[in-house]
Amino acid sequence: MDNNFILPFIKSTRNVFETMFHLEVTFETPEIRTAPMPSHDVSAIIAMSGDVEGTVVLSFPSETARRVVAVFTGGEGPMSNEDMSDAIGEVVNMIAGGAKGQFKGKNVSISCPSVVMGSSHKVYGRKDIVTVAIPCSCDCGEFMVEVATQEAPSGSGVVGAAKVAA
Amino acid sequence: MKIMLVDDSKTMRNIQKSVLAQLGHTEIEEACDGVDALSKVAAFGPDLLLVDWNMPNMDGLTFVKQYRAKGLKAPIIMVTTESEKARVIEAIKAGVNNYVVKPFTPDILSQRIGETMAKAA
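Quick note, the sequences are listed as chains A and B, same order. Last residue of the first sequence: 646 (the numbering used here), numbering continuous. Last residue of the second sequence: 127 (the numbering used here), numbering continuous.
Spelled out as structure tokens, the structure:
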């Protein structure tokens with residue numbers, strides 16, 4: 481596990497939640513994910529490419545996602561899946577963007593986010609990149625940031641990809 | 007003052023609209039990417055644009071270049087997660103007047119809008 485690729489995501493997650501939502505985030509010890517396991521109900525995925533490649537996945541149980549989006553949007557009423565997807569996608573966009581800004585001297589691009597909604601889905605990362613799971617919690621509930629990034633081989637720049645299974 | 011918001015996230019556009027409403031700005035047009043924005047600028051004639059960088063179809067940097075290539079002078083604030091110095095310089099060279107890094111507080115966005123409009127006056 482390369483802390484230089486993990487700490488930026490912890491710092492960025494904290495910054496996004498504190499700045500945009502006024503929510504303090506508690507982080508448990510990051511752990512290497514050795515096998516895919518049941519994830520949560522809402523996952524937002526962003527690919528990184530350039531000098532650092534891979535994926536970032538932000539996963540929530542549905543109720544936690546609903547609470548976070550309600551704080552984000554300032555709305556307490558019913559929300560459509562489209563609105564939920566848009567808001568959660570923007571959260572992972574800010575987390576990934578904030579993290580890549582901390583990769584000093586690296587030229588890194590991020591994709592537009594994709595969001596998967598479905599009970600107990602799994603997100604399979606690239607087999608050739610170690611995935612580090614960072615368990616997080618805030619007043620809205622528990623959630624997970626999964627980081628699978630590595631320094632790109634010289635001349636690469638291949639866009640990372642993740643597969644999702646229900 | 008007419009303001010155009012260019013961001014693929016409806017959530018982010020709504021947050022920006024809320025900040026602008028608190029500043030008394032309600033004449034707002036929205037666009038979900040650079041292509042959508044280019045199709046609306048002539049009819050709307052914005053006095054200020056807030057533009058995201060990473061968007062599908064046409065990113066914010068390409069939009070800014072094409073907007074400026076039309077000879078349009080309205081000030082542009084880039085509102086983006088792209089925080090690296092090289093990106094900021096790239097944006098300014100393309101014609102961006104000010105820069106807000108996401109995540110932002112309403113105060114920061116208000117401050118940048120005030121600065122930008124004061125310089126443009």
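Even for Gly, the Cβ is constructed at its ideal location relative to N, Cα and C. This structure is a prediction, so every number in the text was calculated from the model and none was measured.
- In this structure, Ile526(A) lies near Ile590(A), with their beta-carbon atoms less than 7 Å apart.
- The residues Met84, in chain order, have a CB closer than 6 Å to that of Ala97(B) in the same chain once the five nearest residues on each side in sequence are set aside.
- Relative to Gly51(B), the option among Val106(B), Lys71(B), Leu11(B) whose CA is nearest is Leu11(B).
- DSSP links Ser529(A) through a beta bridge to Ser589(A).
- Counting only Cβ-Cβ distances below 9 Å, Gly578(A) has contacts in chain B at Thr87, Ser89, Val107, Lys108, Pro109, in chain order.
- For secondary structure counted as the beta strand (DSSP E) over 3 or more consecutive residues, the segment 543–621 of chain A holds these complete runs in sequence order: 588–590, 594–597, 602–604, 611–618.
- The C-beta distance from Thr493(A) to Ile575(A) rounds to 5 Å, short enough to fall under 8 Å.
- Of the residues assessed, His502(A) falls on the exposed side of the cut-off, its CB having fewer than 16 other CB atoms within 10 angstroms.
- In chain order, Val532 place their CB closer than 6 Å to the CB of Phe583(A), counting only its own chain and leaving out the 5 sequence neighbours on each side.
- In terms of beta-carbon proximity, Met18(B) lines the interface with chain A, with at least one pair separated by less than 7 Å.
- For Asn484(A), the uninterrupted alpha helix (DSSP H) run begins and ends at 483–501, by DSSP.
- At least one CB of chain A lies nearer than 7 Å to the CB of Ser15(B).
- Taking Val107(B) as the centre and dropping the five residues before and after it, the same chain places the C-beta of Ser89 closer than 6 Å to its C-beta, in chain order.
- Gly621(A) and Pro81(B) have their C-alpha atoms some 41 Å from each other.
- Under the Cβ distance rule, Pro62(B) counts among the residues neighbouring chain A, one pair being separated by less than 7 Å.
- Residues of the same chain with a CB within less than 8 Å of the CB of Gly530(A), apart from the 5 flanking positions on each side, are Lys586, Asn587, Val588, Ser589, Ala632, Gly637 in chain order.
- For Ser542(A), same chain residues with a beta-carbon under 7 Å away, outside a window of 5 residues either side, are Asp521, Val522 in chain order.
- Taking 7 Å as the cut-off between beta carbons, the residues of the segment 589–600 of chain A near chain B are Ile590, Cys592, in sequence order.
- Contact of Met500(A) with chain B by beta-carbon distance below 9 Å involves Ile21, Lys108, Pro109, Phe110, Thr111.
- For the pair Asn103(B) and Thr86(B), the CB atoms are not nearer than the 7 Å cut-off.
- From the beta-carbon of Met574(A), the residues of chain B found nearer than 7 Å are Thr87, Lys108, Pro109.
- Among the residues of the segment 529–554 of chain A, those with a Cβ less than 9 Å away from any Cβ of chain B are Val549, Phe552, Thr553, Gly554, in the order of the chain.
- Shortest Cα-Cα distance from Pro112(B) to any of Val70(B), Gly77(B), Ala27(B), Pro62(B) involves Ala27(B).
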